[in-house]
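The structure appears right after this line, and notes come after that.
Protein chains: 2
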Amino acid sequence: MRPTTRDLAAEAGVSLATVDRVLNDRPGVRQDTIDKVNQAIEKLGFIRNVVAANLARGKSYRFLFLLPRTGDEFLAGLVACIGEANQIFAAEMIQADVMHIHQNDPHQIANLLGSLDPQQVDGVAIMAPESPQVRDAKARLIEKGIDTVSFIAGQITSDHDDFVGIDNHAAGATAGRLMGRFLGRTAGTILIIAETMLARDSLERRLGFDEIINADYPHLRVLPSLETYGDPERTARIISNGLLSQPAIAGVYIVSSEARVPLEVVTEVFARDKPVIIAHERTPFTEAALRSNQVDALITQDPGHLVRSAMRILRARRDRREILASQEKIRIEVLIKENL
Amino acid sequence: MRPTTRDLAAEAGVSLATVDRVLNDRPGVRQDTIDKVNQAIEKLGFIRNVVAANLARGKSYRFLFLLPRTGDEFLAGLVACIGEANQIFAAEMIQADVMHIHQNDPHQIANLLGSLDPQQVDGVAIMAPESPQVRDAKARLIEKGIDTVSFIAGQITSDHDDFVGIDNHAAGATAGRLMGRFLGRTAGTILIIAETMLARDSLERRLGFDEIINADYPHLRVLPSLETYGDPERTARIISNGLLSQPAIAGVYIVSSEARVPLEVVTEVFARDKPVIIAHERTPFTEAALRSNQVDALITQDPGHLVRSAMRILRARRDRREILASQEKIRIEVLIKENL
DNA sequence: CAAAATTTTAGGTACGTACCTCAAGTCTAT
DNA sequence: ATAGACTTGAGGTACGTACCTAAAATTTTG
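Protein chains in written order, with our numbering: chain L, 1 to 340; chain X, 341 to 680.
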């Protein structure tokens, strides 16, 4: 059997109360007594039964996901995954809620973060572009005792803030490599479509993509990014324009996580002589597009894994526990028709 | 707050003891009382606190992984993952051990399974080729009250036996598609190297691979499989022979999970004019080969995920709980240099 | 209708830990 | 030496559930 606090007390030659004080960093214990207990912990290989501890504390974890308010399918999928994760984690008394934010209003995000009550929320996963306001608000949250992680987007604020998501530079490079290999000796230009290049993720993906194409595929030329601003009409217009000025389009890389509108437009415009198309994220739409050969490959990150990972990391920080890095590493997945 | 058994008892208008009998399927409760309690469960949305229940029961889960005795790197990685998983799951009183088996001796495997004591082991994850003996032994284990899952290899015995691993037909198809696309218009033959084609996984991979190549890449021809039987010398010999008779080799697909020896031989033989090489599983060796461009792509399954998934499934079956399918689905991953 | 069988209640203890109080012990400084 | 501070011990209750016993209530059976 695993040693308990009783065994610890006996081994260290102290009372249960003292063991408890040491384990929970309570004051009023002399240093050498602390050492004695720690030695006993070492010797017995005592592992605190977190589950019993949380039961005794009546503790539960309440986390919050702050997600952008757009209605795209990737986000809808994320919200669904949070619901599923709540089911799994219910047994461990973990519960996550979702709040939506205006992505382009850092002030509002900062205000919302500022208004969070440590009594109500234990940790927040924030999916928002980096900005000084948000960074400062995060720092204040941590001071208040609310943990934060950057979720999918955004940057690493400090040691207290993990990033849950993929390396977007590598994701872009992966897209670039696949584009290069799929095109083989075909020469031509590559259209890049993004919602906005102001987002750090899009920028990094593009950089990674360019790096590979420029280094290894000199017969391909990457065009300047077309920005859709999420507007279907604008998307149709700029892609058509892009085509007129650049007829020899061999590939299309859709950088942003919402691929639906760009894909629909591209599919319509290139009725035949379809270029190689690579997009991001798995949604019902992109999945169907992959099945029907409209898209050649998807670069994705598993939304379920993202959500569970964020929740596990937030919980581990609450418990002052280490995480298992290998489990929390979010992989850059490559999806083709065959491994859907 | 989440409702407790007390709330349940109050709501159903019965005592705690009766609630307990209903929850744990103990005898001595009239059907209409059972119904009353179940209605209260529905109404309150009662979720049993599994953690408190296990604490009260003093229950722990002891699982066993039966793995082949070969010394390849993929297996070594698996064993390491089991160690890591033990760390994670220690808090939930789950512990997994490893035993090694002779892969080609179904009799011995069956004997070992037969000797397991339900008092000592709660569940077994078995990585072994399918055989009637093993199938029967599994059935007897389930009767004894020990749960089983087929792990990576082997088949689905019954409803009581989940399979933890990838769809090998789809994995082969994925390899086939990548091979076809990477080769582009290059014509030639494709060398298939396997440890043995007697293993169902290798067979399925090959079938999936052939299906794609034959359907979509008529300028490529897949050669008969070369079987290494895990013997380095034999590997070198048959690959050299294969080359002599088939000079126009455009691609190499290494089907088995141990790619090291075949890769070393292939790399040596094709000093220049390297074919497209696709292999399976991520190991220190294959990872290095990918980085140094000796390999073009790896089709992998995440060993950490495999192990954790097997353990979660076995635990869920013990608890008579449902699993979250989306979390337990093992993905067929595509690894290239850029998304390692 | 009474006896027997079944069902239900009421109360307890336990799991491993947290957290509380009160008393007793041990220092340190004057 | 003694007050005041700090340190430790002993005991308790609690978390949500499991599981046990004895007795009470109800139903079934002859």
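Yeah, the Cβ is synthetic: ideal placement off N, Cα and C, and Gly gets one too. All values derive from a computational prediction rather than experimental measurement.
Any Cβ of chain L within less than 8 Å of the Cβ of residue i?
i	result
Glu-678(X)	yes
Arg-631(X)	no
Gly-524(X)	yes
Gly-582(X)	no
Val-674(X)	yes
Ala-510(X)	yes
Arg-657(X)	no
Arg-517(X)	yes
Arg-600(X)	no
Arg-521(X)	yes
Could you pull the start and end residues of the beta strand (DSSP E) that residue i belongs to?
i	result
Glu-227(L)	220-227
Glu-573(X)	Per DSSP, Glu-573(X) belongs to no beta strand (DSSP E); it is in the alpha helix (DSSP H), 572-585.
Gly-251(L)	249-254
Asp-437(X)	434-441
Arg-402(X)	401-408
Ile-617(X)	616-620
Ser-150(L)	147-151
Residues in the same chain with beta-carbon distance under 6 Å from residue i, minus the five sequence neighbours each way, listed in chain order, please.
i	result
Pro-643(X)	Gly-417, Leu-418 and Cys-421
Ile-594(X)	Ile-533, Pro-602 and Ala-619
Thr-300(L)	Glu-281, Arg-282, Glu-333 and Leu-335
Phe-46(L)	Pro-3 and Leu-8
Asp-550(X)	Val-562
Phe-414(X)	Ser-597, Glu-621 and Thr-623
Ser-400(X)	Met-433
Thr-334(X)	Outside the shown range of chain X (341 to 680) lies residue 334(X), about which nothing can therefore be said.
Leu-481(X)	Leu-453 and Thr-488
Arg-260(L)	Phe-285
Arg-361(X)	Val-369
Out of the options, which has the shortest C-alpha to C-alpha gap to residue i?
i	options	result
Asn-389(X)	Pro-367(X), Leu-363(X) and Glu-573(X)	Leu-363(X)
His-100(L)	Gly-71(L), Asn-86(L) and Asp-122(L)	Gly-71(L)
Gly-123(L)	Val-149(L), Gly-114(L), Glu-130(L) and Ser-131(L)	Val-149(L)
Glu-338(L)	Leu-404(X), Asp-556(X), Val-562(X) and Asn-426(X)	Asp-556(X)
Ile-34(L)	Ala-52(L), Asn-54(L) and Gly-13(L)	Gly-13(L)
Phe-65(L)	Val-121(L), Ser-15(L) and Gln-87(L)	Val-121(L)
Leu-638(X)	Gly-512(X), Thr-607(X) and Glu-573(X)	Gly-512(X)
Arg-177(L)	Ala-10(L), Gly-165(L) and Arg-206(L)	Arg-206(L)
Gln-667(X)	Ala-288(L), His-305(L), Leu-314(L) and Glu-195(L)	His-305(L)
Thr-401(L)	Asp-136(L), Arg-237(L), Arg-317(L) and Ile-249(L)	Nothing can be reported for residue 401(L), as the shown portion of chain L is limited to 1 through 340.
Leu-116(L)	Asp-273(L), Met-1(L), Phe-63(L) and Gly-242(L)	Phe-63(L)
Could you pull the start and end residues of the alpha helix (DSSP H) that residue i belongs to?
i	result
Thr-196(L)	From DSSP, Thr-196(L) is part of no alpha helix (DSSP H); its letter is neither H nor E.
Gly-463(X)	Segment 463-466 is the beta strand (DSSP E) holding Gly-463(X); no alpha helix (DSSP H) there.
Glu-662(X)	No alpha helix (DSSP H) holds Glu-662(X); DSSP gives it neither H nor E.
Glu-470(X)	First-last for Glu-470(X): undefined, no H or E at that position.
Ile-88(L)	73-90
Phe-285(L)	284-291
Verify the CB distance criterion: does residue i have a CB-CB separation below 8 Å to chain X?
i	result
Ser-326(L)	yes
Ala-173(L)	yes
Arg-331(L)	yes
Gly-90(L)	It is Ala, not Gly, that sits at residue 90(L) in the sequence shown. Closer than 8 Å: yes.
Can you give me the Cβ contacts of residue i inside the same chain, cut-off strictly under 7 Å, excluding the 5 residues immediately before and after it?
i	result
His-102(L)	Arg-69 and Gln-108
Lys-329(L)	none
Ala-425(X)	Ala-436, Val-647, Arg-648 and Met-651
Asp-541(X)	Ala-493 and Asn-508
Considering only residues of the same chain and omitting the five flanking positions on each side of residue i, which have a CB-CB separation below 8 Å?
i	result
Gly-485(X)	Pro-458
Ile-579(X)	Leu-531, Ile-533, Leu-566, Pro-602, Val-605, Val-606 and Val-609
Val-474(X)	Pro-446, Ile-449, Ala-450, Leu-453, Ile-466, Ala-468 and Gly-494
Gly-548(X)	Asn-508, His-509, Ala-510, Ala-511, Gly-512, Ala-513, Thr-514, Ala-515 and Gly-516
### Query
the stretch 71-86 of chain L: which residues have C-beta closer than 7 Å to a C-beta of chain X, in chain order?
Glu-84: these are the residues of the stretch 71-86 of chain L whose beta carbon lies less than 7 Å from some beta carbon of chain X, given in chain order.
### Task
May I ask you to list, following chain order, the residues of the stretch 35-57 of chain L that have a beta carbon less than 9 Å from some beta carbon of chain X?
Within the stretch 35-57 of chain L, those residues whose Cβ lies closer than 9 Å to any Cβ of chain X are, in chain order, Ile-47, Arg-48, Asn-49, Val-50, Val-51, Ala-52, Asn-54 and Leu-55.
### Task
Could you list the residues in the stretch 534-568 of chain X with a C-beta less than 8 Å from some C-beta on chain L, going in chain order?
Listed by position, the residues of the stretch 534-568 of chain X near chain L (Cβ gap below 8 Å) are Gly-548 and Ile-552.
### Task
Anything in the stretch 293-307 of chain L with a Cβ closer than 7 Å to a Cβ of chain X? List those residues in chain order, please.
Against chain X - using a Cβ distance shorter than 7 Å - the residues of the stretch 293-307 of chain L are Gly-304.
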